[in-house]
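Participant: Can you read through this structure? Questions will come right after.
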Amino acid sequence: MIMLVLGITDIIAGIILALSGLVPLSGIQLIFAIGIIYVMKGFYSTGSAAVNGFYFDLLGWFDLALGAFLILAFLGMHMGIFLFLGIAVTLKGLYTFSVSILKA
Numbered sequence: 079m080i081m082l083v084l085g086i087t088d089i090i091a092g093i094i095l096a097l098s099g100l101v102p103l104s105g106i107q108l109i110f111a112i113g114i115i116y117v118m119k120g121f122y123s124t125g126s127a128a129v130n131g132f133y134f135d136l137l138g139w140f141d142l143a144l145g146a147f148l149i150l151a152f153l154g155m156h157m158g159i160f161l162f163l164g165i166a167v168t169l170k171g172l173y174t175f176s177v178s179i180l181k182a
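If you number the sequence shown the way the numbering used here does, the last residue is 182 and the count never jumps.
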């Protein structure tokens, strides 16, 4: 159940980041809050993987970058990589969502 929720939030956050070049997101407090949550999620994921000896937790690094880029979008900054990372995180969310549905 938790993986289903995390997959849905990944899809939503990835779409938000991918569309940040088309829609101005500066000043929207929800974007800032989602960014902070994803930074914490990324630190938790990469930290717990590193403690177990796995230093290449790519999905955790995606979450960390997503959170940082959402905070930058909140501040009014935009870079071209936002689109590509948004698509990558959306695909990660679709993967997580589909795996959680198939395992249920």
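Every residue, glycine too, gets a C-beta built ideally from N, C-alpha and C.
Should L142 and L163 be called a contact, given that it needs their Cβ atoms to be closer than 8 Å?
Facilitator: The residue you call residue 142 lines up with position 64 of the sequence shown. The residue you call residue 163 lines up with position 85 of the sequence shown. No, these two residues do not count as a Cβ contact at 8 Å.
Participant: Would you kindly work out how many angstroms separate the C-alpha atoms of L84 and G158, rounded to a whole number?
Facilitator: Your numbering for residue 84 matches position 6 in the sequence shown. Your numbering for residue 158 matches position 80 in the sequence shown. For L84 and G158, the distance between alpha carbons rounds to 25 Å.
Participant: Following the continuous alpha helix (DSSP H) through F121, name the residue where it begins and the one where it ends.
Facilitator: As a first step, residue 121 is located in the sequence shown; it is residue number 43 there, counting from the start. First-last of the alpha helix (DSSP H) with F121: Q107 to V129.
Participant: Measuring alpha carbon to alpha carbon, tell me which of L148, K170 and Q107 ends up nearest G138.
Facilitator: Translated into the one-based positions of the sequence shown, residue 138 becomes position 60. Nearest C-alpha to G138: K170.
Participant: Inspect the beta-carbon positions of A146 and F160 and report whether they are closer than 8 Å.
Facilitator: Walking along the sequence shown from the start, residue 146 turns up at place 68. Walking along the sequence shown from the start, residue 160 turns up at place 82. Between A146 and F160, the C-beta spacing is not below 8 Å.
Participant: Select from I94, F132 and G154 the residue whose C-alpha is nearest the C-alpha of Y116.
Facilitator: Residue 116 sits at position 38 when you count from the first residue of the sequence shown. The shortest C-alpha separation from Y116 is found at I94.
Participant: In three-state terms, what does DSSP make of M157?
Facilitator: To locate residue 157, count along the sequence shown from 1; it is residue 79. Three-state DSSP puts M157 in coil, outside helix and strand.
Participant: Indicate the three-state DSSP secondary structure (helix, strand or coil) for A182 in the structure shown.
Facilitator: Position 104 of the sequence shown, counted from the first residue, corresponds to residue 182. Reduced to three states, the DSSP call for A182 is coil.
Participant: State the start and end residues of the unbroken alpha helix (DSSP H) segment that holds V203.
Facilitator: Nothing about residue 203 can be read from this structure; the chain reaches only from 79 to 182.
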